[in-house]
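Participant: Starting off with a structure, shown below.
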Amino acid sequence: MKIWKQIAGAGLCLGMLGCACPSRNALYQVSTIDALLAGVYDGDLPLADLRRHGDFGIGTYDRLDGEMVLLDGEFHQVKASGKVVPPDPEGETPFAAVCFFRPEMDFAIPEGTGMEGLEKCVDREAPNPNQFCALRVEGHFKTMRTRSVPPQKRPFPPLKAVAATQPVFDMENVAGTIVGFRCPPYVAGVNVPGYHLHFLSKDGSRGGHVLAFEMVAGTARVDVLDRFMVQLPGTEDFAAVDLARDRQQDLKGVEKGKSRR
Ligand SMILES: [Zn+2]
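Pasting the structure below:
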């Protein structure tokens, strides 16, 4: 059993041993983005369980308490105060997307590249828009603008209302890592179509959900994923929420910070 765990942890399993490791080359996610937009904020999956499905990813914490960065197997919680702390190990997540990051390609990002430029670079290197990509960018940033979100109390307001008062952090001359995913257009309602990126500074003291940046220099690594797994919450809120409504406009405002005052 111990050996099996080590092998699974190293991400080497299917094919080699003929086993069916479900997380191999998969984006594993908890809940749906529309449920989060609608205010389904109660954590439902323990972080320890989430960690079994990946060592790399993004999301949020119980009651929307900050932004999640999972990097090299370590969880970081970017609080609304701007402080980055290790999350409660007993904590749970209401929404997260993770994978075992095993990149197939890396390439340099030119000086002066911003968010749109980075997306174009990745689209050029990983041109199949119908596959998922995990993206890790290590670099120096002339500027980096992020946001976080504060923990919510019942009755939970929709994410659009929370994002309208979100704290925004502006960093200058900062080294760090962008962690995120590109999802295909057909996941609308389930995850974020296009790019969803979080940031953690190299010293681990700052970060958040990425709104904008300008790079000095950096390297991108991409892991193309050909599986998609969704763990649905077992909460009463998830059972009661109306997910028939199209929330794409709300999502645009929330993701790009357009609903900010
Ligand atoms: Zn985010």
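Quick note on numbering: the sequence shown equals residues 23 to 283 in the numbering used here. Positions of the beta carbon are idealized from the N, C-alpha and C atoms, including for glycine. The model shown is predicted, which means the values in this text are computed figures rather than measured ones.
Spell out a yes or no on whether the stretch 192-201 and the stretch 256-271 are touching, meaning 3 or more CB-CB pairs, one atom from each, closer than 8 Å.
Facilitator: no
Participant: Are P172 and A102 touching if we call contact CB-CB under 8 Å?
Facilitator: yes
Participant: Using the three-state DSSP reduction, which class does A197 fall into: helix, strand or coil?
Facilitator: strand
Participant: Could you name the residues of the same chain whose beta carbon sits closer than 6 Å to that of R282, not counting the 5 residues immediately before and after it, in chain order?
Facilitator: Because the pLDDT of R282 is 40, which lies under 50, any placement of that residue in the model is unreliable, and the number read from its coordinates should be weighed accordingly. Closer than 6 Å at the Cβ level, and outside the excluded window around R282, lies no residue.
Participant: Is the beta carbon of I80 within less than 7 Å of some heavy atom of ligand 1?
Facilitator: yes
Participant: Confirm the yes/no value for this check: CB of H218, any heavy atom of ligand 1, distance under 7 Å.
Facilitator: yes
Participant: In its own chain, which residues sit with a C-beta less than 6 Å from the C-beta of K164, not counting the 5 before and 5 after it?
Facilitator: E236, V238, listed in sequence order.
Participant: Tell me the DSSP secondary structure of R73 in three-state form.
Facilitator: helix
Participant: With 16 other CB atoms within 10 Å as the buried threshold, where does P177 fall?
Facilitator: exposed
Participant: Whole angstroms are fine: how far does the CA of N47 sit from the CA of C35?
Facilitator: Legend: pLDDT at C35 = 45, less than 50; position of this residue unreliable, value from coordinates given subsequently. Between C35 and N47, the C-alpha separation is close to 10 Å.
Participant: Does the Cβ of L247 have 16 or more other Cβ atoms within 10 Å, making it buried, or fewer, making it exposed?
Facilitator: It is buried - the Cβ of L247 has at least 16 other Cβ atoms within 10 Å.
Participant: What are the boundary residues of the alpha helix (DSSP H) that L254 is part of?
Facilitator: Per DSSP, L254 belongs to no alpha helix (DSSP H) and is neither H nor E.
Participant: For V91, collect the residues of the same chain with a Cβ closer than 7 Å to its Cβ; drop the 5 residues on either side in sequence, then sort them by chain order.
Facilitator: So the list reads I80, H98, V100, V201, H220, L222, G229, once near-sequence residues are dropped.
Participant: Please confirm whether any heavy atom of ligand 2 lies closer than 7 Å to the CB of H98.
Facilitator: This structure lacks ligand 2; the ligands present are ligand 1.
Participant: Return the residue from the list G88, L93, A119, P215 that minimises the CA-CA distance to L254.
Facilitator: Comparing Cα positions, the closest option is A119.
Participant: Exposed or buried, what is S227 when buried is set at 16 or more other beta-carbons lying within 10 Å of its beta-carbon?
Facilitator: Exposed is the call here.
Participant: Can you tell me the Cα-Cα spacing of S170 and H231, whole angstroms?
Facilitator: 6 Å
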